[in-house]
């Protein structure tokens, strides 16, 4: 297909980079396989940019100069890596040779600009070399790369291109890197040569910085489209043109190498039988598209417009915010305007995440390779004063420090040794990291007290004070509040300060305070939505498997009381606990522990953790006692808990008692709790107003909510579950307090999602199972063959096992591909529906039905193998790590015995003529339903107990029973009304809400009385 194949795509990119991107074209023969370099460009750049040093070496080495320099360079690359050599050069015979010149911060040094212009960026098509990989005949494979980009002869990027018009997509390029490119080849060796690898088609771009065979992890490098994943259509151009027209353009690529890319090093202490050892993990960070775009857009605006602007960066969790802040801080600290004046004299980063200051210092040190650029305020107020007055480039301080610093300043002033913060004539950039509710109130008052001494003080306070506290009970309209806030901000804003606020969940005031308009003409200035983060796989959707207790209870009862459903006895094992009704802490704890044991603790290879969100510090204390007591009484092991709350709590029901977090956690220091919770023996964390924001624990898989949540707090709290981890494919929320509509209303401003519908119907699973088999694309035998291998109890499958599983799936894919497009998409939709519904319901209902479970494993893997729709949607990558963890999760070794009996086929909800036994009437349930429907109340299963107790007391009262027997229903109802007050008062304790309603609302009381009178009347007469 001339003009439409990959070669044409390759040629178009080459033309774009050489005609307008600042690149020169090279031939594949210019590449040296042994050195994995372009030697002529290396030597040519050195002679051109550093002639004196070259001549000195040539005088010493003679004709061996080029060979010796290339040898020294190669050794330095192998030792320190390409990125380090590009930034800091290498040594040869005592002379330091630069391998790149980066764009200077100002135009005041013409020589630096001239050196920058001498960089040689080149593009080479079809670079080939002999790989360590071998062909079946034993000969080494010839590896050929579509595109290789180099800076001064050093390869920095490779790309594999695919074209859907010839039947391949970016996903095929990813598989090519995973299966046909080997990190043992020097060009692909981690850090040593090429730093980033792109998989590209006209619709999508994916990238990775480390090849690791089948475990190579590619990240999407797409712009996003309609708040989701992918790329928007571009009139007259490819969707992915931004890669070569923008990102890889010469100035841009050099800026990425200078100011963005860095080596992230994480160290973790692991205890072993012989003591402890340190695990070191290195990750080469290349900015994702929205990270680079945010920094560049913010910097460009600040450069053009100077200080005095407030920017809101609305980036979802999973956006890589810490790196974005580090890059922005470093760039702002060196930013100069068109007149070569510094835009900001200092950058102040305000954060309450202690890990950020360490990450910021480590990242910026790699850029500058010197200390003193970043100063963390961890001593006293004098340190802060000196840093601000002396123009320290980047100052990091936590919000918790301000009360202490303000007090220290006051003390110093009284002693006559006060420190003055001289900010006259200086401009500051203030980066606010997640300005949430903890940064309002008294802490922000302390911030104002410290900084309200000069220009910087009042402005920071004006923008920052009480940012997170929404007024409650305010009758003003939004327009009125906006107008009044605007007037206040006119007085408070100062021209020497710019604020850069990062948050995923901006409140009303946040949007008003940080009001620099973005592309839409309104704030935020830059956005990366929760939906895009979810669709791109950086976080999980915590609402996908959210359920209230009422829904949870209803599903269990639906299964238990339904004779159509096999394994009813198994369902009763859990519903027996639910029937206790969660009206007190002990009963809720019972539900939590039993659900955790049956559905959670086996997830993530037996490492999954849960959080219990309580409504108060006292509640946290009581839940901790009840949790530990229940675990001990039941003799359970492997479920240890920790509790988190601030201060000291006294329990009025236990006079003289006093509880602290440290004491309840057996002396564990509060700062050590996050690290201790990582241990495998601690599985549940009970919290009260702590760890509900900013707490990143990827193993958190389930949350139990016993606290009223709304607005931003609901989003931040539930989002503790959204971090990804190997094998973590789903989360679960069991909410005892809130309603689904309220939670979805809270999330809607931050994430577009489908509203919650009616209760999921458990019958739907078997209906879907039946419909999937009717297609005859796969058979029950296919599922059985696959499952036989999948569920084998061994840590890893052998290569032959892996081959056999894929052979089964490949045969199904071939049948799928023979169908018409409409049928394929309908079948795919049913597969997806089954996968999602089973993932949800299996966490509530103890199916452990082998047919359903096997089909789930089969469907989940089949979906990953099906060819993409061809509409630019993200490809689901086959993650072998996730599959290994998933295999452990799916082992049917649960604690509920489902071995007895024979499974009957489930009937779908649309089937007619289905035999069944009617559920027994639950009159009190109908009363609650009737009251809720009529009066708009939200009384739940717990309130049934109140009416149940009233009825039981009335039936045992001989006078009332006699009245029922001696009167008709109308007269008895009138009599009962005169005695109801006494009955209600006797049951008032623990039922205050519904008691107040029946005592103060005549219509509500009348409806309840009529129902109770009829029930008591009929019950007494039947007896």
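Numbering (my numbering), first residue to last: 626 to 1648.
Note that CB positions come from ideal geometry on N, CA and C, so glycine has one too.
Does the beta-carbon distance from residue i to residue j come in below 9 Å?
i, j, result
"residue 1720", "residue 724", "Not covered by the structure: residue 1720. The range shown for the chain is 626 to 1648."
"residue 1256", "residue 1361", "no"
"residue 835", "residue 909", "yes"
"residue 959", "residue 920", "no"
"residue 646", "residue 873", "yes"
"residue 914", "residue 846", "yes"
"residue 1020", "residue 999", "yes"
"residue 844", "residue 831", "yes"
"residue 829", "residue 865", "yes"
"residue 932", "residue 1053", "yes"
"residue 756", "residue 818", "no"
"residue 784", "residue 814", "no"
"residue 1170", "residue 1372", "no"
Tell me where the beta strand (DSSP E) around residue i begins and ends.
i, result
"residue 1370", "Here residue 1370 belongs to no beta strand (DSSP E); instead the alpha helix (DSSP H) covers 1365-1372."
"residue 1153", "1151-1153"
"residue 780", "779-786"
"residue 1407", "Premise fails: residue 1407 lies in the alpha helix (DSSP H), 1405-1415, not in any beta strand (DSSP E)."
"residue 1058", "1053-1058"
"residue 823", "821-825"
"residue 833", "830-833"
When burial is assigned at 16 or more other CB atoms within 10 Å of the CB, is residue i buried or exposed?
i, result
"residue 904", "exposed"
"residue 1598", "buried"
"residue 1160", "buried"
"residue 733", "exposed"
"residue 894", "exposed"
"residue 1331", "buried"
"residue 943", "buried"
"residue 1241", "exposed"
"residue 1477", "buried"
"residue 772", "buried"
"residue 1072", "Only weak support exists for where residue 1072 lies, its pLDDT of 39 falling under 50; the coordinates are left without a value."
"residue 1112", "With a pLDDT of only 32 at residue 1112, under 50, the local geometry of the prediction cannot be trusted, and no value is derived from it."
"residue 1675", "Lying before the first or after the last residue shown, residue 1675 is absent from the chain, which here runs from 626 to 1648."
"residue 1520", "Only weak support exists for where residue 1520 lies, its pLDDT of 20 falling under 50; the value from the coordinates is given anyway. Counting Cβ neighbours within 10 Å, residue 1520 comes out exposed, since fewer than 16 surround it."
"residue 796", "buried"
"residue 1395", "exposed"
"residue 739", "exposed"
Based on the DSSP secondary-structure assignment, which residues constitute the bridge partners of residue i?
i, result
"residue 1231", "Beta-bridge pairing links residue 1231 to no other residue."
"residue 612", "What the structure shows of the chain is the stretch from 626 to 1648, and residue 612 is not part of that stretch, so it cannot be assessed."
"residue 1360", "1173 and 1330"
"residue 1348", "1164"
"residue 1017", "DSSP, once it has assigned bridges, lists no residue as partnering residue 1017."
"residue 1307", "1265"
"residue 1236", "1310 and 1328"
"residue 654", "Answer is none; residue 654 lacks a bridge partner."
"residue 816", "Answer is none; residue 816 lacks a bridge partner."
"residue 1127", "938 and 1058"
"residue 1274", "1284"
"residue 894", "903"
From what residue to what residue does the alpha helix (DSSP H) around residue i run?
i, result
"residue 1250", "1242-1259"
"residue 797", "795-805"
"residue 1213", "1210-1220"
"residue 1224", "Here residue 1224 belongs to no alpha helix (DSSP H), and DSSP marks it neither H nor E."
"residue 1630", "1627-1647"
"residue 635", "631-644"
"residue 668", "664-674"
"residue 1288", "1286-1289"
"residue 1583", "1583-1591"
Please decide whether residue i counts as near chain D, where near means a Cβ-Cβ distance under 9 Å.
i, result
"residue 1425", "In the structure shown, chain D does not exist; there is a single protein chain."
Start-end ranges of the beta strand (DSSP E) lying completely within the region 901-986, minimum 3 residues: Counting whole runs of 3 or more residues, the region 901-986 contains the beta strand (DSSP E) stretches 935-940 and 971-976.
Length-filtered (3 minimum) beta strand (DSSP E) runs lying within the region 862-890: Within the region 862-890, no complete beta strand (DSSP E) run reaches 3 residues.
Every unbroken alpha helix (DSSP H) within the region 686-761, with a cutoff of 4 residues, ordered by chain: 690-705, 707-713 and 735-741
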